[in-house]
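J.:
Residue numbers (my numbering), protein chains in the order written: chain A, 38 to 348; chain B, 83 to 317.
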């Protein structure tokens, strides 16, 4: 077995064990963090591996969240079919957004994706009779189950999040080592050269964005299913920025960076808010320091200095 | 005479009213090593840019292996068997030397053996694990040539490949390209020793137009070429 795969399995095993070791409060946090990490892993595929700096991934997160929550709420679907709807909805939204936004690059791409996400946010507000806008709506506990497992229970929720996290991690781990993933890295490194080696760069960027958006959408759907709530605030700008922060902190283009970044950021805010009301100031200062002194993020720096095989 | 692998008819490029290339008719027989020479600004890079699709044509046709490829995007032209090295070195600086070559070989259907073979052929086998961006300038140029070779191209377009190479590296380059089988080569080059020793035939561009074509000896003797480019010191 190769080292990256072994590391991924080790992390998964450690997370599984953590549920039984950690106090309830922290295992509850960790369930949420794993879902957010899946979101960031999706984002990392576009940004960290392909070099597509999107500022609009909340659109995909929300497409999955609403795909699941609206179809459960209004069409009375059960969890599995609703997850399918979420998958299709986010893939479709990412496909269309990508086809248009990828006609631009660099700063223009950032702005176009930001605008698409704003349009998505406003759409959620516009259809207030279905989405209940910013206020959102709650998914009743009775429907939040798969095959008899109650996803609103601490254990059901934790292991559902862990399964989603594990599947995503293993898929991404394999993808970025496969020829397709390595071509994405080549595009990030030097797009002109990749084109002049005969790669259809445009098509690969689109495929990467669709995969990225779909994974982000699955995170959104899982968030609604596990925590029982869907609201328009998840489609707003902050939710486009969070995965970028997680990925930058943890290390762009590393498979485990999104998890590390999400843990770090979550507990940074959690701990500093226990000390002071100005917790966002603390978070801000730490972020600035990290960006200044560890521009490649925690795992990116680790890989560069000490562990070159780190996936 | 061998079949013509590449031909252009009336190939023209205009940049905001300035004619970079004007009505170039060009025929390249299969298997030939052709040098493209001319003073700076003669339109050599623009010309090969239009051949491989990096630069959109203003008008005219590019025909590769009997097929009109004028409307094809660059990556599709490359996929037909054209390889291109940039005038300004362009490698994947953050990736290993091995990965650079592998990316080139894989797209062209090459396997691990071709990667190893290419690394040895260009003399970078012992640096395969290094990050490409950490290589010396000369080695990066050689890496880029290796990325071209790894594609086993039918037509290999090289834009000033020996620029900035040490004398010994230039000599190795000459041996390398004259030893290639089944590959037609179009070489933009300023180094006259490379041109005269490797090229079967030479095309001279001046002010965006074909000034002369002929064997190295004929070009050396051509008065117009000497006036425009080679200068009297070259004789």
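All C-beta atoms in this analysis are idealised placements derived from N, C-alpha and C, irrespective of residue type, glycine included.
It should be emphasised that the depicted structure is a prediction, and the values quoted were computed from it without experimental measurement.
Got a sec? Which residues, its chain only, sit under 7 Å from residue 317 (chain B) by beta carbon, not counting five neighbours each side?
T.: Bear in mind that a pLDDT of 39 at residue 317 (chain B), under 50, signals an unreliable position, so the number given afterwards is only what the model happens to contain. When the five nearest sequence neighbours on each side are left out, no beta carbon in the same chain lies closer than 7 Å to the beta carbon of residue 317 (chain B).
J.: In three-state DSSP terms, what is residue 187 (chain A)?
T.: Correct three-state label for residue 187 (chain A): strand.
J.: Quick one: give me the first and last residue of the beta strand (DSSP E) that residue 105 (chain B) is part of.
T.: 100–111
J.: So which of B:169, B:222, B:187 and B:212 has the shortest CA-CA distance to residue 163 (chain B)?
T.: B:187
J.: Give the straight-line distance between the Cα atoms of residue 46 (chain B) and residue 228 (chain B), rounded to the nearest whole angstrom.
T.: Here chain B has residues from 83 to 317 only, and residue 46 (chain B) is not among them.
J.: Between the region 130–156 of chain A and chain B, which residues of the former have a C-beta closer than 8 Å to a C-beta of the latter?
T.: none
J.: Along the beta strand (DSSP E) that carries residue 291 (chain B), what are the first and last residues, could you check?
T.: 291–296
J.: For chain A, find out if any of its Cβ atoms is closer than 9 Å to the Cβ of residue 161 (chain B); answer yes or no.
T.: Residue 161 (chain B) counts as touching chain A.
J.: If distances are taken between C-alpha atoms only, which option among A:226, A:291, A:250 and A:140 comes closest to residue 214 (chain A)?
T.: A:291
J.: In whole angstroms, what separates the C-alpha of residue 88 (chain A) from that of residue 303 (chain A)?
T.: 25 Å
J.: Does the region 96–108 of chain A come close enough to the region 123–134 of chain A to have 3 or more Cβ pairs within less than 8 Å?
T.: yes
J.: Specify whether the region 199–211 of chain A and the region 99–112 of chain B touch according to this definition: at least 3 beta carbon pairs, one from each stretch, less than 8 Å apart.
T.: no
J.: Going by beta-carbon coordinates alone, are residue 241 (chain A) and residue 212 (chain A) separated by less than 9 Å?
T.: no
J.: Since residue 267 (chain A) and residue 173 (chain A) are thought to touch, with beta carbons under 8 Å apart, how far apart are those beta carbons, to the nearest angstrom?
T.: 6 Å
J.: Measuring only the C-alpha atoms, how far is residue 255 (chain B) from residue 114 (chain B)?
T.: 17 Å
J.: Near residue 55 (chain A), which residues of its chain fall below 7 Å by C-beta distance, leaving aside the five closest residues on each side in sequence?
T.: 64 and 67
J.: Can you pull the chain B neighbours of residue 238 (chain A), defined as C-beta to C-beta under 9 Å?
T.: 157
J.: Per the DSSP calculation, residue 182 (chain A) is bridged to which residue(s)?
T.: A:187
J.: With a CB to CB cut of under 8 Å and the five nearest residues on each side skipped, what residues in its chain are close to residue 136 (chain A)?
T.: 243
J.: Taking the CB atoms as reference points, tell me whether residue 22 (chain A) and residue 295 (chain A) lie closer together than 9 Å.
T.: Nothing can be reported for residue 22 (chain A), as the shown portion of chain A is limited to 38 through 348.
J.: Can you list the residues of chain B that residue 216 (chain A) reaches, using a CB-CB cut of under 7 Å?
T.: Those are 188, listed as they occur along chain B.
J.: Enumerate in chain order the residues of its own chain whose CB-to-CB distance from residue 49 (chain A) is below 6 Å, with the five nearest sequence positions on each side excluded.
T.: 203
J.: Given a cut-off of 9 Å, decide if residue 149 (chain A) and residue 138 (chain A) are closer than it, judged by their beta-carbon atoms.
T.: Yes. Within cutoff.
J.: Report the CB separation of residue 270 (chain B) from residue 240 (chain B) in whole angstroms; it is logged as a contact under 8 Å.
T.: 7 Å
J.: How many Å lie between residue 258 (chain B) and residue 204 (chain B) at the Cα?
T.: 8 Å
J.: Looking only at its own chain, which residues have a Cβ that is under 6 Å from the Cβ of residue 250 (chain A), when we skip the five neighbours before and after it?
T.: 97, 127 and 131
J.: Thinking residue 176 (chain B) and residue 154 (chain B) are a contact (beta carbons under 8 Å), I'd like their distance in whole angstroms, please.
T.: At roughly 29 Å, the Cβ-Cβ gap does not stay under 8 Å, so residue 176 (chain B) and residue 154 (chain B) are not in contact.
J.: Only counting the same chain, and skipping five residues up and downstream in sequence, which positions put a Cβ closer than 7 Å to that of residue 226 (chain A)?
T.: none
J.: Of all Cβ atoms in chain A, is any one closer than 9 Å to the Cβ of residue 291 (chain B)?
T.: no
J.: According to DSSP, what are the bridge partners of residue 213 (chain B)?
T.: Per DSSP, B:178.
J.: What residue from A:265, A:196 and A:326 has the CA that sits closest to residue 176 (chain A)'s CA?
T.: A:265
J.: Helix or strand or just coil, what does DSSP make of residue 61 (chain A)?
T.: Here residue 61 (chain A) sits in helix by DSSP.
J.: Where residue 132 (chain B) and residue 155 (chain A) are concerned, what is the direct C-alpha to C-alpha distance, given to the nearest angstrom?
T.: Approximately 40 Å between the Cα atoms of the pair.
J.: Under the three-state reduction of DSSP, which class applies to residue 99 (chain A): helix, strand or coil?
T.: Correct three-state label for residue 99 (chain A): helix.
J.: Could you round the C-beta distance between residue 284 (chain B) and residue 301 (chain B) to whole angstroms and report it? I think they count as a contact, below 8 Å.
T.: The pair is a contact, with the Cβ atoms about 5 Å apart (cut-off 8 Å).
J.: For residue 233 (chain A), which residues in the same chain have their Cβ closer than 6 Å to its Cβ, ignoring the five residues on either side in sequence?
T.: none
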